[in-house]
Each structure stands twice: as C-alpha cells, then as structure tokens.
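Working notes, beginning with the structure itself.
There are 2 protein chains.
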Amino acid sequence: MQDGRGASMRGAGSADPKPAQAGAGLLFLREDEIRVAQDLLFFAYRDFTNAADVILDELGLGRAHHRALHYIGRNPGITVSDLLAILRITKQSLARVLSVLVERGLVAQAPGTDDRRQRLLSLTTDGKALERRLFDRQRERLTAAYREAGAAAVDGFRRVMRGIMDNTARAYMDGAEQARP
Amino acid sequence: MQDGRGASMRGAGSADPKPAQAGAGLLFLREDEIRVAQDLLFFAYRDFTNAADVILDELGLGRAHHRALHYIGRNPGITVSDLLAILRITKQSLARVLSVLVERGLVAQAPGTDDRRQRLLSLTTDGKALERRLFDRQRERLTAAYREAGAAAVDGFRRVMRGIMDNTARAYMDGAEQARP
DNA sequence: CAAATACGTCAACAATGCTGCCGCAACGGC
DNA sequence: GCCGTTGCGGCAGCATTGTTGACGTATTTG
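What follows is the structure in structure tokens.
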C-alpha cells in the first residue's frame, strides 16, 4: 500500500506538511485532534452499544427497544410525549417499539391521573430484569474503562461529552441529576 | 407540534428511594454513574453526528457516506478490505455506499500496484472539499466542548473513550497515532 | 360546545444493516 | 502451468429503524 504521501496507511500530511497552512504546527495539531475525536466517538459508541446486542438478538429485540427500556427505567411514569422528546424519534417509530415491549410484558402502562389521555409508562418486573441484564453488559465495558482511566479522567470525559450534546439534552441531564437524589 | 415538555419530563421515580438496596449509598452512586454515562454516550453521539446532517441531506447522502469519506480521507490509498475492517459492515453495505461516492466523483479508485485486484481508494478534490465541509460542522461542536472543558478534561475524555472501545479499534487508533508524527 | 391535545394507527417509503450465492481476475504455491 | 485462495463486484431478498402524512378517538380546556 503505497500512498503517494509516503506514510503507510495513514496518508494525509506527515511527509507533506501542507506548506500553505498558516501557523502550521498548531493548527494542524488541533485539526488532527478533532479528527481523532471523531474516531473516538465512532468506535466507542459502536462498541458500547454492541455490548448488549447478544442478549437483544436472542430475544429478537433491537437497540431501539433497549433505548426505550433504558429511558423508561430511568423515568418511571414517563408519558409518551416526554419519551419522544428524549429520544427524538417520531411517534410511529416509538409506537412500533413500545407495542412490542408492552405485548411481551416488559413495559406497563397506566392512565394518567391528572390527564387520563396520557399513558404513563414504567417497567414491569420482567422489564426491569431485562434492562438490568443489558445494563450489566455495558457496565462491564464502562467500569473497565473508568478503572483504567481514573477518576480525574472520568470527570473530564463527562465534561466533554456534556459539551458535545445540545442544550436540550444538557437540560434533560441536569434535570436528571437534580431529580435523582 | 407538541414539544412535550409540558409536564415534569422527569417521571415519578424520585419519591421511591429503593429502600431495600444493600449497601445503598455507594452501590447506588456507582450504578448511577454508569447510567449517566449511557446517557452521555447516547446524546453526545447523536448530536455530534446530527451536526453534519444538514449538508448530507442537501446532497442526498447519509451518514454511511460520511463515514466512508472520513476513513478514506484519513487513509488515502486504503483498500476495500481494510476499510471494511475499520467500519465493520458487510461488503455489500459498503459497496452500495462506495458506488455512489465514485459515481459522484467524490472518491477515486486506482488498481493496486502490488496486487492489482485491489482498489485503492482516495478522495478526489471534490471529495476532500465535501469532507471538509462536513468536518467543519462537527468541529464547531467539538471545539466548543473542548474549550469549555479544558485540556485536562480532553485528555480524560480521550482516555475513557479509548477504554470503552474494543482491542481492535484501539489498535487501529494506535496505528494512526504512530503513523502521524 | 368547540378547539386543542395526547395518543393510536394505517400506508408508504428510505437508509442502512444483514445473508447467501455466484462469478471473475489475479495471486501464489506446487 | 495448474489449482486453490483471495479481493472484489453484483444480485436477490430481508430486517430494523427511521421518516411523512393523514385520520380517528378520547379527553381536556377555554
């Protein structure tokens, strides 16, 4: 694999330092830092979500079901609208997933007390058990990563991730911290 | 459009502090830390990838095309096999995406010199330009997050993300660092 | 009562993943 | 030079998960 630029496999720019780049050294480093972060997000997210796939496949469920279980578990009694706002998918995409979860007895629904049009969603005992199994798989990966990296790194991780998401998501997470004493 | 933040958005949960949790304080904290990380990964990944979607939509391309452009750009002269190994999708999924990129003149192919069966992939001038537009959108988000969080946090972020991905992905990234002095 | 809201549902479609199978050109060992 | 393996292309078909748009129904609210 000869790529014209000399470097093997990794092309862009080592032997050919983009002569016209102003302030080259620093700018190039910053750009490459960002590109590394793109890779980090792609690989980490992929491998993290993959961790639960074995269990999901056995049950004929998908990641969408896992996400629903996760956010219902974290917000028992949540309404469909609020869940839609968190997941940012359409009503139909969610309905498809929810109907399966309800059929299988993983999610329970209760009419709203204030507003009886609402369906308040929560996990059944089975739902909680499944969510826990899925959670445990992902936890393995995360605790390993946390342990290796150390507490300070974890704090940095959290800060950067928080910064990447948009304001709405940040607000949700702030609410979550607040509401979970 | 119902924006669905009318009610608390946080469900009923917090009034019921799981009384039977053994060793409650510490265990619960650790578990909740992991659950927060699940949220972080979901929201950050979603909003980060969304950043490029406007441009992609205009061109009728998807995220899969973006990923291909990204990894070809980072590895000019890469073979189809190597690209498959990075993306971990099937040949057919990649072929579908690649054929579009080649048709539109965004990706160029050259027969391998060692092994003429190979197609060595690289970005054309147009491909580089598009990749850069997409990159710039994501860069905005990341640099903002990096700036807010600070250099130490960024280092922690990298360490944790590296720990989450699997060995193969880590090895790829190490190769990348190594080859980019 | 009328309008707005929360939700369900149907039909159709798109993007991206998958499997399995076949074919061809090129490489490499014998 | 032959033959097995490899790198790649292509077809057919299918699953998951997302989308839009429209319509129905129960319920709340002005």
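Going line by line, the protein sequences match chains A and B. Going by my numbering, 49 is the number at position 49 of the first sequence; the sequence numbering is gapless. Every position in the second sequence, counted from 1, becomes a number in my numbering once 1000 is added. C-beta: ideal position from N, C-alpha, C; glycine also.
If you look at L1120(B), you'll find it in the beta strand (DSSP E) that goes 1119-1123.
Runs of beta strand (DSSP E) with 3 or more residues, each lying fully within the region 84-121 of chain A, are found at 107-111, listed in chain order.
Going by beta carbons, T1079(B) and L1120(B) fall inside the 8 Å limit. Closest by C-alpha distance to R1137(B), out of E1033(B), K1128(B), N1050(B), A1037(B), is N1050(B). R133(A) and G1060(B) have their C-alpha atoms some 39 Å from each other.
For R1162(B), at least one C-beta of chain A is nearer than 8 Å to its own C-beta. Apart from sequence neighbours up to five positions away, the residues of its chain that approach T1124(B) with a beta-carbon distance below 7 Å are G1105, L1106, V1107, A1108, ordered along the chain. Between the region 1135-1155 of chain B and the region 138-148 of chain A, the count of Cβ pairs shorter than 8 Å is below three; the stretches do not touch.
In this structure, G156(A) sits near V1154(B), with a CB-CB distance shorter than 8 Å. Using a Cβ-Cβ cut-off of 9 Å, E148(A) is close to R1159, V1160, R1162, G1163 of chain B, given in chain order. Selection T113(A), A152(A), K128(A), R30(A) evaluated against H70(A) yields K128(A) as nearest (Cα-Cα).
Chain-order list of chain B residues neighbouring H70(A): R1035, Q1038, D1039, F1042, by C-beta distance under 9 Å. For the C-beta of Q138(A), the chain B residues within less than 7 Å are, from N- to C-terminus, Q1038. Beta bridge pairing from DSSP links I1078(B) with L1121(B). No Cβ-Cβ contact shorter than 8 Å links I1055(B) with S1122(B). D166(A) belongs to the set of residues whose beta carbon lies under 8 Å from a beta carbon in chain B. By the neighbour-count criterion, in which a residue is buried when 16 or more other Cβ atoms sit within 10 angstroms of its Cβ, Q92(A) is exposed. For A153(A), the chain B residues whose Cβ falls inside 8 Å of its Cβ are D1155, G1156, F1157, R1159, V1160, in order along the chain.
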